[in-house]
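Each remark here refers to the structure printed beneath this line.
Protein chains: 2
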Amino acid sequence: MARKRFDDSNCSVARALNQVGDWWSLLIVLHAMHGTRRFVDFHQELGIAKNILCDRLARLVDNEVLKKVEVGEHGSRFEYRLTGKGRDLFPVVIALRQWGDKWNPAPDDAGLNLRDRATGQPIQAVQVHNTKGDPITVRDVFIPIASAPGRKKDSA
Amino acid sequence: MARKRFDDSNCSVARALNQVGDWWSLLIVLHAMHGTRRFVDFHQELGIAKNILCDRLARLVDNEVLKKVEVGEHGSRFEYRLTGKGRDLFPVVIALRQWGDKWNPAPDDAGLNLRDRATGQPIQAVQVHNTKGDPITVRDVFIPIASAPGRKKDSA
DNA sequence: CTAATTTGGTTTCTTAACGCAACCTTATTT
DNA sequence: AAATAAGGTTGCGTTAAGAAACCAAATTAG
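Protein sequences, first through last, are from chains A and B. So in the numbering used here, spot 89 of the first sequence is number 89, and the numbers just go up one at a time. So in the numbering used here, spot 119 of the second sequence is number 119, and the numbers just go up one at a time.
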């Protein structure tokens, strides 16, 4: 029966994917981060069907990733702007971009050159660090057996 | 007509989402990071339909995120293990988990307690940094106007 | 002032994907 | 010898995605 939803999952990754884990949502957020605000601009830049775009924008607004604001004086023009929650997806998007640049480079493209406004330098690679500041991989972490023993380690 | 694919997109985020951007793939990778390797374990832990799991595992293997290895002596048991490419999704998963923990906390759940094996301490939040090491947000970055001017800032 | 265009959608229809359940084959266990 | 487990495959019904057409309100062009 259709797509399974994870609103009630006890895994925060599943809950996150429930909000931005479909094909279009993260791309919409990405373009919003690059300055796109208008329906038609999302439509043209993404090549997304308009009904799907309607649905995704509405869902992102429902989930408070975007907010829909009327622009102009009589309310027939709208902008979709990132909320704080939406802007907080920045590390996710950057991590995904880095992964894509590293493992699936386009033949012609050298990756998007994002730079820091303050320094003018490219941004650093996103990494996971321990409290000492050392970068760590998935092999360096473990899940302490603390709460709710006897269960699976991390269900769905 | 079905789902649009982005294999040829000049955006690495779109290409990345093409490989792990569906509902299940990242959850499979997440569970693989937590140690799951067997078909039946993915099936039970995720509650995913078996045909969908087959498809996703095959696609993740095709995309070299997982590798399928025979275990046992006569090749009727398999394990799906993360490749280096798959393990490199660690920052993506962690960033997504942090976002979910922050903005969609489960009422009962205090977030998964991931710890560094070396220090025993919880891992640090994933952030984007500039070259000076300062954390930056989406508002601190810009795209230098270098190649291909006159175009949109970043198509699809 | 009227016609065309833009914006932000909604509707219809077709096709593809998801989910369930049943089935299947090859081991292994009882 | 029968039952169970692993790792799927096959049908089938439901749902979601995509294209294209249509639409109303507002703006711009002529």
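Ideal Cβ placement from N, Cα and C applies to all residues, glycine included.
Does any CB atom of chain A fall closer than 9 Å to the CB of residue 39 of chain B?
-> Interface residue (Cβ-Cβ distance to chain A less than 9 Å): residue 39 of chain B is not classified as such.
Using DSSP with H/G/I as helix, E/B as strand and the rest coil, what is residue 145 of chain B?
-> In this structure, residue 145 of chain B counts as coil in the three-state DSSP scheme.
Hey, could you find the ends of the beta strand (DSSP E) residue 81 of chain A is sitting in?
-> Its beta strand (DSSP E) spans residues 77-82.
Integer Cβ distance of residue 127 of chain B from residue 131 of chain A, believed to fall under 8 Å = The C-beta distance from residue 127 of chain B to residue 131 of chain A rounds to 14 Å, too long to fall under 8 Å, and the pair is not in contact.
Chain B contacts from the region 80-96 of chain A (Cβ-Cβ distance under 8 Å) = Of all residues in the region 80-96 of chain A, 82, 85, 87, 88, 89, 90, 91, 92, 93, 94, 95, 96 have a Cβ within less than 8 Å of some Cβ in chain B.
Where do the N-terminal and C-terminal ends of the alpha helix (DSSP H) with residue 13 of chain A fall, by residue?
-> Its alpha helix (DSSP H) spans residues 12-20.
Checking contacts by CB at 9 Å: is residue 51 of chain A closer than that to chain B?
-> Chain B contact via Cβ: absent.
Opposing strand residues paired with residue 70 of chain A [DSSP bridges] = DSSP lists A:78 as partners of residue 70 of chain A.
Option nearest residue 12 of chain A by Cα separation, candidates B:89, B:90, B:102 = Ranking the options by Cα distance to residue 12 of chain A, first place goes to B:102.
Quickly, what does DSSP pair residue 209 of chain A with across the bridge? List them, please.
-> Because chain A spans 1 through 156 in this model, residue 209 of chain A falls outside it and cannot be assessed.
Would you check if the distance between the CB atom of residue 6 of chain B and the CB atom of residue 28 of chain B is smaller than 9 Å?
-> Result no, Cβ atoms of residue 6 of chain B and residue 28 of chain B do not sit closer than 9 Å.
Measure the alpha-carbon distance for residue 60 of chain B versus residue 91 of chain B and round it to whole angstroms.
-> Answer to the nearest angstrom: the Cα atoms are 18 Å apart.
Contact with chain A by residue 149 of chain B, beta-carbon distance below 9 Å = Note that residue 149 of chain B has pLDDT 37, beneath the 50 cutoff, so the model's placement of it is unreliable and no number is given.
Put residue 87 of chain B into one of helix, strand or coil per three-state DSSP.
-> In the structure shown, residue 87 of chain B sits in a helix (DSSP, three-state: H, G or I).
Keeping to the same chain, check which residues put their C-beta closer than 7 Å to that of residue 63 of chain A; ignore five residues upstream and five downstream.
-> Cβ-Cβ distances below 7 Å link residue 63 of chain A to 19 in the same chain, with the five nearest sequence neighbours on each side left out; the list follows chain order.
According to DSSP, is residue 108 of chain A helix, strand or coil?
-> Residue state, collapsed to three classes: coil.
Kindly say whether residue 67 of chain A, judged by its beta-carbon, lies nearer than 9 Å to any beta-carbon of chain B.
-> Closer than 9 Å: no.
Do residue 87 of chain A and residue 67 of chain A come within 9 Å of each other at the CB atom, strictly closer than that value?
-> Result no, Cβ atoms of residue 67 of chain A and residue 87 of chain A do not sit closer than 9 Å.
Which bits of chain A does residue 21 of chain B rub up against, with CB to CB less than 9 Å?
-> The answer, in chain order, is 21, 22, 23, 26, 27, 96.
Proximity test, Cβ basis, 9 Å: residue 11 of chain A and chain B = Output row for residue 11 of chain A: interface = yes.
Check the Cβ-Cβ distances between residue 108 of chain A and every residue of chain B, and say whether any is below 9 Å.
-> Yes, residue 108 of chain A lies at the interface with chain B (some Cβ there is under 9 Å from its Cβ).
Are any of the Cβ atoms in chain A nearer than 9 Å to that of residue 116 of chain B?
-> Yes - at least one Cβ of chain A is within 9 Å of the one on residue 116 of chain B.
Should residue 138 of chain A go down as buried or exposed, given a rule of 16 or more other Cβ atoms within 10 Å for buried?
-> With 16 or more Cβ atoms within 10 Å of its Cβ, residue 138 of chain A is classed as buried.
Within chain A, partners of residue 15 of chain B - CB distance below 8 Å = Simply 100, 104, 106.
What is the residue span of the alpha helix (DSSP H) that residue 51 of chain B lies within?
-> From DSSP, the alpha helix (DSSP H) with residue 51 of chain B extends over 50-62.
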